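**Q** Can you read through this structure? Questions will come right after.
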């Protein structure tokens, strides 16, 4: 079976390929835009810091403003829901350890579900 | 051997000149995928830690999809208007009628008048028609362009008269001669019209600036100016925006470049 000439034209093939790519991307976005931001908080020795406050800051235009706070569980895990931004910063606070470094989290689309590959880390160590 | 070396040298020279011409494009893209300051000294030739997040910023920090949709709608109207109106005008100019030379002279002389000089009457006419702040109003001044009329005229004149006469004897009306005979034989002229109309409409700044009243009706060049007013430093996001504005017109050109070049040169060697 051979395709008709018009179907083999670049004016059909290229826009069709682009339409498929866009549809595929939008499908992927629809399946992964739950607004979940997850990760862990550890001390300088890599041990989980339970009860650490994790702050989520989101970008407006030129600044990052605080949007949400949550607490890490016993295993040092934290979870934010309802994020609807594409450019975030995360920071952890703990009374004995002070503040962690601020982590920039760039997302490919708004509300992308993301799990931090590297935990938020305090400089100091738990006693 | 000598001829081969000559060809090699010629191609090397062409590659070198092309590379020089492409340096500004490369620099824009390099800045868009990094956050390097373009004034940094010494400049880096290769991007360091390239990423595409500047494009994500542009998409979300301003209503980019809205600007894109506006530009696409206006450009589609302009392209359709140019192909239809210019084909009709071009065909008329290939026919003999009283005052034809005068019309040709008038059109040629009108090409000398810059758009800025006629923008006030154009605005008043658009306002009288009630088309301010509308897509049709945005497209109106570019719906037909004189250069493109002459491109169609040259293409239609290259079609043998015997073919048109045969079609007329077969009973085809003038409209159908344009549609069934001339247009299929003038693909290069159509491509030229599409490219030129698209690029002119896509890059139009002054006219959309004057006739749009709401930010939701603004097109990409206006969005770029607005973005520039927010992001005054030379950030990657600004260059990412420039790349996103440029990309569609470069894409259209690349798609139709073969026909475009043929369309521009058709009729050039006539006679």
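Protein chains in written order, with our numbering: chain A, 1 to 127; chain B, 1 to 271. All residues carry an ideal CB built from backbone N, CA and C; glycine is no exception. Please read these numbers as outputs of a predicted model, since none were measured by experiment.
Checking the sheet assignment: what are the DSSP bridge partners for residue 70 of chain A?
**A** A/54
**Q** Report the start-end ranges of each alpha helix (DSSP H) in the segment 27-114 of chain B that is 4 residues or longer and not cut off at the edges.
**A** 53-61, 64-94, 100-110
**Q** Quick one: which chain A residues come within Cβ less than 8 angstroms of residue 58 of chain B?
**A** Going along chain A, no residue has its Cβ under 8 angstroms from residue 58 of chain B, so there is no contact; the nearest lies around 11 angstroms.
**Q** Inspect the beta-carbon positions of residue 191 of chain B and residue 263 of chain B and report whether they are closer than 9 angstroms.
**A** yes
**Q** Which residues, in order along the segment 86-115 of chain A, keep a beta-carbon less than 8 angstroms from a beta-carbon of chain B?
**A** 86, 87, 106, 107, 108, 109, 110
**Q** Assuming the contact rule is C-beta atoms closer than 8 angstroms, residue 210 of chain B and residue 135 of chain B should be a hit. Round their C-beta distance to whole Å, please.
**A** The Cβ separation is near 15 angstroms, so there is no contact.
**Q** Indicate whether at least one CB of chain B lies closer than 9 angstroms to the CB of residue 8 of chain A.
**A** no
**Q** What in chain A is Cβ-close to residue 255 of chain B, meaning under 8 angstroms?
**A** 10, 11, 14
**Q** Here's the rule: buried if 16 or more other CB atoms are within 10 angstroms of the residue's CB, otherwise exposed. What is residue 195 of chain B?
**A** Residue 195 of chain B should be labelled buried.
**Q** Could you pull the start and end residues of the beta strand (DSSP E) that residue 157 of chain B belongs to?
**A** Here residue 157 of chain B belongs to no beta strand (DSSP E); instead the alpha helix (DSSP H) covers 146-157.
**Q** May I ask you to list the residues that DSSP assigns as paired with residue 64 of chain A?
**A** A/59
**Q** What in chain B is Cβ-close to residue 61 of chain A, meaning under 8 angstroms?
**A** Per Cβ cutoff of 8 angstroms: 61, 230.
**Q** Rounding to the nearest angstrom, what Cα-Cα distance links residue 38 of chain B and residue 24 of chain B in this structure?
**A** 11 angstroms
**Q** Figure out for me which residue from B/11, B/102, B/217 has the closest Cα to the Cα of residue 73 of chain B.
**A** Nearest option by C-alpha distance: B/217.
**Q** For residue 32 of chain A, which residues in the same chain have their Cβ closer than 7 angstroms to its Cβ, ignoring the five residues on either side in sequence?
**A** 112, 113
**Q** Given a threshold of 16 other Cβ atoms within 10 Å of its Cβ, counted over all protein chains shown, does residue 258 of chain B qualify as buried or as exposed?
**A** exposed
**Q** Closest by CA to residue 60 of chain B, which one among A/84, A/27, A/56?
**A** A/84
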